[in-house]
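The structure appears right after this line, and notes come after that.
There are 2 protein chains.
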Amino acid sequence: MNTKKPLILISNDDGYHAKGINSLIDMLRDIADIIVCAPESARSGFATAFSATVPLRLKLRRDEVGMQMWSCNGTPVDCVKIALQELFADRLPDMILGGINHGDNASVNVHYSGTMGVTLEGCMKYIPSIGFSLCDFSSDADFEPLRPYVRQIVQKVLSEGLPKGVCLNVNFPKLTEFKGIKVCRMAMGTWYNECVKQRHPHGYDYYWMTGSYRNDEPEQEDTDNWALTHGYISITPTRIDVTDYDLLRNWQNKF
Amino acid sequence: MNTKKPLILISNDDGYHAKGINSLIDMLRDIADIIVCAPESARSGFATAFSATVPLRLKLRRDEVGMQMWSCNGTPVDCVKIALQELFADRLPDMILGGINHGDNASVNVHYSGTMGVTLEGCMKYIPSIGFSLCDFSSDADFEPLRPYVRQIVQKVLSEGLPKGVCLNVNFPKLTEFKGIKVCRMAMGTWYNECVKQRHPHGYDYYWMTGSYRNDEPEQEDTDNWALTHGYISITPTRIDVTDYDLLRNWQNKF
Chain A
104 MNTKKPLILI SNDDGYHAKG INSLIDMLRD IADIIVCAPE SARSGFATAF
154 SATVPLRLKL RRDEVGMQMW SCNGTPVDCV KIALQELFAD RLPDMILGGI
204 NHGDNASVNV HYSGTMGVTL EGCMKYIPSI GFSLCDFSSD ADFEPLRPYV
254 RQIVQKVLSE GLPKGVCLNV NFPKLTEFKG IKVCRMAMGT WYNECVKQRH
304 PHGYDYYWMT GSYRNDEPEQ EDTDNWALTH GYISITPTRI DVTDYDLLRN
354 WQNKF
Chain B
104 MNTKKPLILI SNDDGYHAKG INSLIDMLRD IADIIVCAPE SARSGFATAF
154 SATVPLRLKL RRDEVGMQMW SCNGTPVDCV KIALQELFAD RLPDMILGGI
204 NHGDNASVNV HYSGTMGVTL EGCMKYIPSI GFSLCDFSSD ADFEPLRPYV
254 RQIVQKVLSE GLPKGVCLNV NFPKLTEFKG IKVCRMAMGT WYNECVKQRH
304 PHGYDYYWMT GSYRNDEPEQ EDTDNWALTH GYISITPTRI DVTDYDLLRN
354 WQNKF
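Residue numbers (my numbering), protein chains in the order written: chain A, 104 to 358; chain B, 104 to 358.
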């Protein structure tokens, strides 16, 4: 791939076969060369986990003009790490994209999302990175209304870059038309009722992880949750540096 | 457990049998009632991942005066979520602790660490939470020199609390005496050489995740990496809100 097109690494957490990642590829094929390295199967909720103890394999799934697709049996972050070392040996990507995720990654979900795991990992490698998510968990969700916005945001970041250590968490409400784009902070919210106990036929109890989400600041119009529930696309600029500088200053000379 | 002692939930990512978590329990048993819910086996690198598709089980491992220990086959975050719902039904813990981890969780490692996964999850539940880590990966690491500092930090947080949405990432250098405690920001650093290719006896290539770490700002004395390499214990106040407010302001009216 020695064209002058930008080179983009795409991964996700729903797996290489998911409609969301294939929609994203389709939206960008004319403006970029693309290498995909995505999980072999769904890896939702894998956050920035990597595989410390599991041997990992890469499999070439598609090899087309301007697009190669690999799958990996690891986590979303494993996909990025292995791809950067093994698939981009000659030229690092100009951008790393996660998604398009089937389901919302706003608010505290940034901490659980494998799609944002991809994005944070790209950002930790100092490569401009964006995670895209649609608030629709359906495997057949309609990504087509997102196309012009995805292209606009990708092209803006390709031409302007992003500050070092900052990536974007972009979420789309489940709509066919949007009121516009809002640049937001992440809302604080809480997951509750997070496990359900069931009884195995052999007589022991086990649990499924599940849960309900509550927005803890529903009146705050500057948050991603507010934007999404009011018809806007949310862009949440997201940092690698998680230091809380207020407490740092308060405690500086307390020890 | 209806005493007036504080009630503490302890988890980790090295597993319930690890020396680090058992050292932490031992350091705090006289000042708190303790419920442990920790992974059945090592879950290093699991970050804030949770198990979306795996049925989870709890097993009671020890039941003593003032201390119950449960294991769970899930991630560190699963342990916290299930414990809060199933083991603390009558009274939520006053504090959640992760560790003591066998190995450093400073700098960008906060994003991969299961010990900090425990801590961030506790913080997302608005419970004062601290992750403790020792820069020594050995399974027989010596945690004893940490005892007075762990007790001091725990007691300070039990009496003063922490701001909502902020937890502590505490790292100890591998020493028997410390120069003191420094409240720090997280250093920016980069992992590289992150996978090693090997050949399976059946003739295919596979990869082990590994890597080397480079501190990208070694001269910066206000960072956790600097503190640790200069003999200090580092406390990095760590936020749930990962919004980058600088880019938020810059981009506010750009769309």
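Glycine is no exception: its CB is placed at the ideal position from the N, C-alpha and C atoms.
- Secondary structure of D133 of chain A (DSSP, three-state): coil.
- Considering only beta carbons, the part of the stretch 328-342 of chain A lying closer than 9 Å to chain B consists of I336, I338, T339, P340, T341 and R342, in chain order.
- Closer than 7 Å at the C-beta level to chain A, one finds these residues of the stretch 204-226 of chain B: V211, V213, H214, Y215 and L223.
- Restricted to the stretch 190-271 of chain B, the beta strand (DSSP E) segments that are unbroken, complete and at least 3 residues in length are 198-205 and 232-237, listed in chain order.
- Not flagged as an interface residue toward chain A: W173 of chain B, since no C-beta distance is shorter than 8 Å.
- Contact between A152 of chain A and A150 of chain B holds, since their C-beta atoms are separated by about 4 Å, short of 8 Å.
- Listed along chain B is no residue with a C-beta nearer than 9 Å to that of P179 of chain A; the closest approach is about 10 Å.
- Shown here for N328 of chain B: same chain residues with a beta carbon closer than 6 Å to its own, the five before and five after excluded, namely A209, S210, A290 and N318 in chain order.
- Taking every protein chain shown into account, the CB of P196 of chain B has 16 or more other CB atoms within 10 angstroms, so this residue is buried.
- Within 10 angstroms of the beta-carbon of E247 of chain B lie fewer than 16 other beta-carbons, which makes it exposed.
- For D193 of chain B, the closest Cβ of chain A is not nearer than 8 Å.
- At the C-beta level, L237 of chain B and K277 of chain B come within 8 Å of one another.
- Closest in C-alpha terms to L163 of chain B, from the list B:G169, B:G177 and B:V139, comes B:V139.
- D325 of chain A carries a coil assignment under DSSP once its states are collapsed to helix, strand and coil.
- For the options A:R250, A:F275 and A:D166, the alpha carbon positioned closest to that of A330 of chain A is the one of A:F275.
- Per the DSSP secondary-structure output, D166 of chain A pairs in a beta bridge with A:Q171.
- Under the DSSP assignment, V299 of chain A falls in the beta strand (DSSP E) whose first and last residues are C298 to R302.
- The criterion of a C-beta distance shorter than 8 Å is not satisfied by K122 of chain A and E297 of chain B.
- For Y310 of chain A, the enclosing beta strand (DSSP E) has its first and last residue at D308 to M312.
- Within the stretch 278-291 of chain B, the residues whose Cβ lies closer than 8 Å to some Cβ of chain A are G283, I284, K285, V286, C287, R288, M289 and M291, listed in chain order.
- In the three-state DSSP reduction, R352 of chain A falls in the helix class (H, G or I).
- Chain B has a Cβ within less than 8 Å of the Cβ of Y309 of chain A.
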